[in-house]
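Letter by letter, the sequence shown follows residues 1 to 202 of UniProt numbering.
Single-structure report; data block below.
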Amino acid sequence: MKEPKLKGLVLSGGRSTRMGRDKGSISYHGKSQREYLRELLVPFCQEVFISCNKEQIHDLDGFAVIEDSVEGQGPMIGILSAFQQDPGAAWLTVACDLPFLTQKTVDHLVTHRNASKLATAFHNPETGFPEPLITIWEPEARQSLLDFREAGYLCPRKVLINSDIELLEAVDKEELRNVNHAHEYETVIKKLEERAIFNKAF
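Below, the structure is given as structure tokens:
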């Protein structure tokens, strides 16, 4: 059976209330985080889109975008909006607040994709649960996401926990760390610099 085509989605339509500014616009790698992640997904996906809310569209000239079909429902609505555009595709979704994410982890996820399951995701050792911030959702996931949303559950993790998924061990748990607060910025930059120096040494 042929695997459904894989498209990419950078989830950046949230309000970023805790961060105090648009998390997708923050620069950790010399460019906006949404641009960094889009470039990270390009080698693996047929197309890559930026998920956004209606206020963000004017800042995204030059990007292929998918506007959230409903406001204020977090990443769940971003994923569903992508399925609304192409229900026959599998969607590799990545949240914009993952500054440590590298090609190594994305490659591992795509290489170990199981298209016969609802989704392929990493087990996050910090939480003990599947990590919804970087996941491949197969076309069959659309209905499950809709059902959970209809039942009042807006967290994609809930769908992963209660579904038949391919669960992978993290290549590097640091890459699954999401950053939500402004005071963490300098710490993240310092850690990224340390990791770059370490990688250069080896």
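The beta-carbon is built from N, C-alpha and C at its ideal position, and this holds for glycine as well.
Bounds of the alpha helix (DSSP H) holding Gly78 are 74–85.
When the beta-carbon positions are compared, Cys52 and Lys7 stay at least 9 angstroms from each other. Per DSSP, the beta bridge partners of Pro130 are His123. A residue is called buried once 16 or more other Cβ atoms fall within 10 Å of its Cβ, and Ser144 is buried on that count.
By the C-beta density criterion, Glu175 is buried, having at least 16 other C-beta atoms within 10 angstroms. As summarised for the region 45–72, the continuous beta strand (DSSP E) elements at least 3 residues long and confined to that stretch are 48–52, 65–67, given in chain order. Close CB contacts of Arg142 within its chain, under the 8 angstroms cut and outside five residues either way in sequence, are with Leu80, Phe83, Pro87 (chain order). Ranked by Cα distance from Glu140, the options Asn124, Ile165, Gln56 are led by Ile165. Beta-bridge analysis with DSSP links Ser32 to Ser27.
In this structure, Arg113 places its C-beta atom within 9 angstroms of the C-beta atom of Ile136.
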